[in-house]
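Working notes for the structure below.
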Amino acid sequence: MASSQQPTTIEDLQGDVLSEIFIRLLAKQLAQMRCVSKSWNTHLSQSSFIKSHLQSSIRNNDDILLFFKYNFSFCGGRPFEACPSRSPHLELTDFIKLPVNLQSRQTYGNVIGSVNGLICFSYGTLHDSKFYIWNPSLSAVLTLPPSSFPFHDTDMVGIPPRFGFDPKSDDYKVVKITRDHQPGSTLFPLSKRVVIDVDFETVEYKVEVYSMRKGFWQLIPERFPSHIQNSMFMHYAEFCVDGHDGHVHWFNFVDSQWKSKKIVAFDLAEETFREIPLPDFPIDDSMERSLGVLGGKLCVMLGVMDGGCEVWVMDDYGVAESWVKHYVFPQFDGVIIPYGFTFHNEFLFAIANYYDDDDDDPCLGLYDPIAAKTRSFEVGYGLSKVVEYVDSLVWVTPVEHEMSCCNISRLKI
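Heads up: take any position in the sequence shown, counting from 1, add 3, and you land on the working numbering.
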């Protein structure tokens with residue numbers, strides 16, 4: 004009589020087979036499945052699996068764009084508007100959960116940046132704000148400890164903080180630059196999305212870096228370039244695509260002649276600053292200029308008054324001679340305000356008319372250069388940051404914290 008065979012269970016499957024199954028599931032489902040067994044917890048917490056899941060999410064995402072307003076609040080509703088550009092019937096509540104512990108009145112927030120599914124933002128009162136790192140896929144929020152120098156949301160007008168991933172140390176870092184407030188500083192609004200801060204005296208900047216893996220802030224000896232100190236611009240509307248390659252950047256800093264000259268970059272591994280020259284194009288104050296990433300490379304986008312837009316890409320990072328003009332987009336009616344590119348290289352922009360006082364709500368468009376088609380969005384006035392949502396298992400717990408298998412493990416990519 005033939006011996007009966009025991010049915011194969013999911014526990015008997017090989018690791019690569021399990022990975023092919025798990026990689027198709029949502030991050031929140033996988034986080035729950037860590038509690039099934041120790042072997043599953045080990046498998047789902049492996050760096051290689053988390054990285055593969057992240058890359059799969061980026062390749063197959065539905066281009067869900069989160070539009071955050073300036074001074075948003077978690078109290079009384081969502082702090083953002085979500086627009087799924089590829090699957091308009093997606094139920095976003097299945098993906099994005101709000102951090103309920105932040106839903107208090109008289110508090111406001113602003114997004115700092117977003118990398119690999121993590122969103123860094125400041126939240127609090129005008130004079131007492133804290134930093135948070137949020138993974139909406141896992142409904143996980145990390146409250147950063149206070150830094151040596153208090154952060155005020157008014158500091159966003161100066162040199163805004165940055166958030167990025169350091170692949171060399173497998174760490175996520177927040178860079179905060181605090182100005183010594185001295186007499187003689189005045190704010191001038193130049194347009195609806197740009198403020199200029201003019202310093203009539205020499206100022207100094209203290210640089211602090213928070214390491215998500217270490218769990219604390221550190222004041223570093225490196226100083227922000229001292230000769231770039233007379234005035235600076237803050238573009239409130241930004242597409243958060245910076246910080247993936249170990250560098251974060253600041254754009255539209257000006258010299259004493261109020262002309263944009265340099266991109267200032269910060270190396271997250273070496274914790275040093277450098278200056279990157281702009282492409283060789285005419286400096287025109289009528290141009291809307293934004294910094295972005297296209298195909299994993301640093302790019303500068305220029306919108307001009309006649310409704311056109313061109314994109315310059317730095318093919319070899321840090322090499323001034325490697326700037327190449329890659330795109331010249333078709334003409335649109337109005338002033339083009341370039342925001343940036345999605346993971347699928349679609350171009351997000353706004354069309355505004357600065358000479359029409361009644362036109363407070365610029366129309367947003369997402370242009371597909373392959374199909375030569377544009378989809379439009381209506382998100383209202385006060386747009387601050389745009390984040391492309393990515394379903395992600397990424398999380399880093401400071402080394403001194405103990406985690407059980409049913410908690411979010413110390414994850415890395």
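From the three backbone atoms N, C-alpha and C, an ideal C-beta is built for every residue, glycine too.
Just so you know, these numbers come straight off a predicted model, no measurement behind them.
The beta carbon of Val303 lies closer than 7 Å to those of Leu281, Pro282, Arg292, Leu294, Trp315 in the same chain, with the five residues before and after it left out. Apart from sequence neighbours up to five positions away, the residues of its chain that approach Thr146 with a beta-carbon distance below 7 Å are Lys133, Tyr135, ordered along the chain. In this structure, DSSP gives Ile115 an extended state, which the three-state scheme calls strand. Classified as buried, His250 has 16 or more neighbouring CB atoms from the shown chains inside 10 Å of its CB. According to the DSSP secondary-structure assignment, Cys366 is paired through a beta bridge with Ile354.
In this structure, DSSP gives Ile162 a state outside helix and strand, which the three-state scheme calls coil.
The DSSP-derived three-state label of Leu396 is coil.
Nearest in C-alpha terms to Gly116, of all of Gly246, Ile180, Phe152, is Gly246. In this structure, Asn119 keeps its C-beta atom at 7 Å or more from the C-beta atom of Val399. Annotated as distal: Phe242 and Val20, with beta-carbon spacing of 7 Å or more. A straight-line Cα-Cα distance of about 31 Å links Ala30 and Ser150. With a threshold of 16 other beta carbon atoms within 10 Å, His56 meets it and is buried. The beta carbons of Val267 and Glu278 sit closer together than 7 Å. Segment contact: the segment 346–357 against the segment 370–383, three or more CB-CB distances shorter than 8 Å; contact assigned. Per the coordinates, the alpha-carbon of Val331 lies some 44 Å from the alpha-carbon of Gly218. Judged by DSSP in its simplified three-state form, Thr181 adopts strand. One thing to note: Leu369 has its Cβ no nearer than 7 Å to the Cβ of Phe70.
A check of alpha carbon separations from Val114 across Asp248, Phe166, Ile53 identifies Phe166 as the nearest.
Our two residues, Tyr213 and Phe152, have alpha carbons roughly 13 Å apart in a direct line. At a Cβ-Cβ threshold of 7 Å, Leu68 and Glu274 do not count as neighbours.
The Cβ atoms of Phe75 and Leu105 do not sit closer than 7 Å to each other. Here Arg277 is bridged, per DSSP, to Ala268.
Counting only the Cα atoms, Lys300 lies some 25 Å from Gly310.
Between the C-alpha atoms of Pro224 and Pro170 there is a straight-line separation of about 22 Å. In the displayed model, Leu21 falls within a helix according to three-state DSSP. DSSP places Ala85 within a strand segment (E or B) once states are collapsed to three. Note that the C-beta distance between Ser40 and Asp394 is not below 7 Å. The residue among Glu324, Pro341, Ser325 with its C-alpha nearest the C-alpha of Glu313 is Pro341. The DSSP-derived three-state label of Ile53 is helix.
With 16 or more other CB atoms across the displayed protein chains lying within 10 angstroms of its CB, Ser140 is buried.
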